[in-house]
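Chemist: I have a structure I would like to understand better, so I am pasting it below and will then ask my questions one at a time.
2 protein chains.
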Amino acid sequence: MPDRIAPPDRIGMLRHLSPQQWKITSQEFDERRVHTAGEVISDRGVPLSHSLVLERGLVGRRILSGRQRVAKHYLVALQVPGDFVDLHAYPLGVLDHDIVAITDVTLAAIPHHRLSAIMAADQDLTRRLWSLTLVDAAIHRQWSLRNGTMRALQRVAHLFVELITRLDLAVGRAESYRLDLSQRHIGDACGLSSVHVNRILRDLREAGSCTYAKGVLVVTDRAALVQIAGFDDRYLYLPRV
Amino acid sequence: MPDRIAPPDRIGMLRHLSPQQWKITSQEFDERRVHTAGEVISDRGVPLSHSLVLERGLVGRRILSGRQRVAKHYLVALQVPGDFVDLHAYPLGVLDHDIVAITDVTLAAIPHHRLSAIMAADQDLTRRLWSLTLVDAAIHRQWSLRNGTMRALQRVAHLFVELITRLDLAVGRAESYRLDLSQRHIGDACGLSSVHVNRILRDLREAGSCTYAKGVLVVTDRAALVQIAGFDDRYLYLPRV
DNA sequence: CGCCCCTTTGAATCTAATCAAAAGCTGTGG
DNA sequence: CCACAGCTTTTGATTAGATTCAAAGGGGCG
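These protein sequences, in sequence, are chains G and H. Residue 111 in UniProt numbering sits at position 111 of the first sequence, with consecutive numbering throughout. Residue 228 in UniProt numbering sits at position 228 of the second sequence, with consecutive numbering throughout.
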């Protein structure tokens, strides 16, 4: 019998799997990993033999843009608890981006050969795991749209609404969220300078929709924030609860 | 014996499947479709029972941004011959974007239930089809990076280099490419106004790297264009040939 | 205490959007 | 065959949004 760890909870996007499917899958995790804020969890181009589920904290997927003198970071994705962070490494083998811990995080790791084994026995499970990676792709499309068509205020609002919508699913609805993103992180995700993000956060505060300070987002007027963001959650393919 | 059509060629990204796998898959296509430039091939939110391989022409994936008075179009992806256009509709069932014909196109359709049948018999084929959808996701990440971090000149150059790299794989290397994208299309893909795209095309021409006129891209100095784009093809996960 | 990173604000600059207008092309119908 | 409508391309002028540079204040940590 191979080594096992206590299985991760079935929360957030993992609800796309049935309870039975998650029971089978979650037993195959063999390692729990802890990283502190800022650590690089895996580097682009390195072959991976495990995939990770995020249990606690926030993880970013990062591309170093323009390998000129000043390496600028750009965030192509943020993962919340209940997300597979790098399930796409299972079919692809190697990733085109780094994975970094935004906050202190804990992750559960499952070896690809075990994934392979349980998928061989359940075609529907395969289809659902595949779907999970495609929801990520849908989110990429929306980020691309965001940075391609929206002004700064809307971009930040849209990012906020996306994150709280996903967090609602993972940890329950609240009016205050500990994101622990620096203004630089927000800029890296929205294609803005951190200076400009700062001004936008002031604008959002003065508009009375939300305040962001010390890594905590307080949503004072959710409807207003959704309105500014022009947010439509269909692209998230939220599982029924 | 169900109805069949002449199988599509195994070109471009389809080379991620082995010849044997493609032989099996390509026999299951049951319909060939033709659309003229500008037609909507499928609408967001509509359940799909087939997936499509692009045989000829260019297809765009489009999101209508800001459903206010003036519906603005944004292109989240462009597909070239040899691409599955909407394989992700197989696991997802429904798409979050429209699919439109940029040029006159021909497509081959395969029903999802047949895909399901052949994947049940070949786990490696499943993994490779899954990979194809993940290469699309990697391209989304790069588009997001492009619109999030690059200035207009680099964005257009990067789009051009990406497209010709993918077309090289599908139809062979050349120094001239019939893209048939209008300047508005290029703007919709790069998050720029068509007016600005026009000026950028002039800049690229005057820089001596390429000329774009009447839908035809003539690459006069490929190295210079790649240089301007800061292009690194690793994200395309190109199959060996 | 001192260092470093994050936040905040101001000023100048620059990039791209917007507004406006004309020229070129294409297909249609008289 | 020509006239016209509609769309794309092109250029100019103005405006708006975001970057960059600069500098100061705050907080956490060794």
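The beta-carbon is built from N, C-alpha and C at its ideal position, and this holds for glycine as well.
Taking G/Glu28 and G/Arg114 to be in contact with their CB atoms under 8 Å, please state how far apart those CB atoms are, rounded to whole angstroms.
Modeler: Right, the Cβ-Cβ distance comes to about 4 Å (below 8 Å), so this counts as a contact.
Chemist: Reducing DSSP to helix, strand and coil, say where H/Met1 ends up.
Modeler: At H/Met1, the pLDDT of 48 sits below 50, so the modelled position is not reliable; the number obtained from the coordinates is stated separately. Three-state DSSP puts H/Met1 in coil, outside helix and strand.
Chemist: Which partner residues does G/Asp98 have in the DSSP bridge list?
Modeler: DSSP, once it has assigned bridges, lists G/Arg62 as partnering G/Asp98.
Chemist: Assuming G/Ala152 and G/Ile200 form a contact by the criterion Cβ under 8 Å, report the distance between their Cβ atoms to the nearest whole angstrom.
Modeler: Rounded, the Cβ-Cβ distance is 5 Å, consistent with contact.
Chemist: When DSSP labels each residue in this structure, what does G/Ala223 get in the three-state scheme?
Modeler: It is helical.
Chemist: Tell me which residue opens and which closes the alpha helix (DSSP H) that H/Tyr74 is part of.
Modeler: Where H/Tyr74 is concerned, there is no enclosing alpha helix (DSSP H), although the beta strand (DSSP E) it sits in stretches over Lys72 to Gln79.
Chemist: Kindly indicate which residue of G/Phe160, G/Ala213, G/Asp168 and G/Gly191 has the alpha-carbon position closest to the one of residue 260 of chain G.
Modeler: What is shown of chain G runs 1 to 241, which leaves residue 260 of chain G out entirely.
Chemist: Quick one: is G/Asp83 near chain H, going by C-beta distance under 8 Å?
Modeler: No, no contact with chain H.
Chemist: At a CB-CB cut-off below 7 Å, which residues of chain G make contact with H/Leu134?
Modeler: His88, Pro91, Leu92 and Thr133, listed in chain order.
Chemist: So, is the C-beta of H/Arg166 closer than 8 Å to a C-beta in chain G?
Modeler: Taking Cβ atoms only, chain G never reaches closer than 8 Å to H/Arg166, which makes this a no.
Chemist: Just tell me which of H/Val218, H/Val135 and H/Gly148 has its CA closest to the CA of H/Leu192.
Modeler: The shortest Cα separation from H/Leu192 among H/Val218, H/Val135 and H/Gly148 belongs to H/Gly148.
Chemist: Report buried or exposed for G/Val94, applying the criterion of at least 16 other Cβ atoms within 10 angstroms of its Cβ.
Modeler: It is exposed - the Cβ of G/Val94 has fewer than 16 other Cβ atoms within 10 Å.
Chemist: Compare the beta carbon distance of H/Arg127 and H/Leu17 with 8 Å and say whether it is the shorter of the two.
Modeler: Result no, Cβ atoms of H/Arg127 and H/Leu17 do not sit closer than 8 Å.
Chemist: For the candidate residues G/Leu14, G/Gly60 and G/Arg32, whose alpha-carbon lies nearest to that of G/Val241?
Modeler: Measuring from the Cα of G/Val241, the nearest candidate turns out to be G/Leu14.
Chemist: 8 Å is my cut-off, CB to CB: does G/Thr25 come that close to chain H?
Modeler: G/Thr25 does not count as touching chain H.
Chemist: What would DSSP say about H/Tyr212, mapped onto helix, strand or coil?
Modeler: Strand at H/Tyr212.
Chemist: Taking only the alpha-carbon atoms, compute the straight-line gap between G/Tyr212 and G/Pro8 and give it to the nearest angstrom.
Modeler: Cα to Cα, G/Tyr212 sits roughly 30 Å from G/Pro8.
Chemist: Take H/Asp180 and list the residues in its own chain whose beta-carbon comes closer than 6 Å to its own, dropping the five residues that flank it on each side.
Modeler: Excluding positions up to five away in sequence, the list reads Thr103 and Gly215.
Chemist: Whether or not the stretch 121-141 of chain H and the stretch 82-94 of chain H are in contact is what I'm after, with contact meaning three or more pairs of Cβ atoms, one per stretch, closer than 8 Å; do they touch?
Modeler: Segments in contact, yes.
Chemist: Is H/Phe29 helix, strand or coil by DSSP?
Modeler: Of the three classes helix, strand and coil, the one that applies to H/Phe29 here is coil, per DSSP.
Chemist: My assumption, with CB atoms under 8 Å, is that G/Tyr74 sits in contact with G/Arg56. Please give the rounded CB distance.
Modeler: The pair is not a contact, with the Cβ atoms about 25 Å apart (cut-off 8 Å).
Chemist: Going along the stretch 104-124 of chain G in order, which residues come within less than 9 Å of chain H, judged by CB to CB distance?
Modeler: Taking 9 Å as the Cβ-Cβ cut-off against chain H, the residues of the stretch 104-124 of chain G that qualify are Ser116, Met119, Ala120 and Gln123.
Chemist: Rounded to the nearest angstrom, what separates H/Ser65 and G/Val105 at their Cα positions?
Modeler: In a straight line, the C-alpha of H/Ser65 is about 35 Å away from that of G/Val105.
Chemist: Applying a beta-carbon distance threshold of less than 7 Å, which residues of chain G neighbour H/Trp130?
Modeler: Simply Pro91 and Trp130.
Chemist: Measuring alpha carbon to alpha carbon, tell me which of H/Glu162, H/Ile11 and H/Ala189 ends up nearest H/Lys72.
Modeler: That would be H/Ala189, whose Cα lies nearest to the Cα of H/Lys72.
Chemist: Less than 8 Å between the C-beta atoms of G/Ser49 and G/Pro91, yes or no?
Modeler: No.
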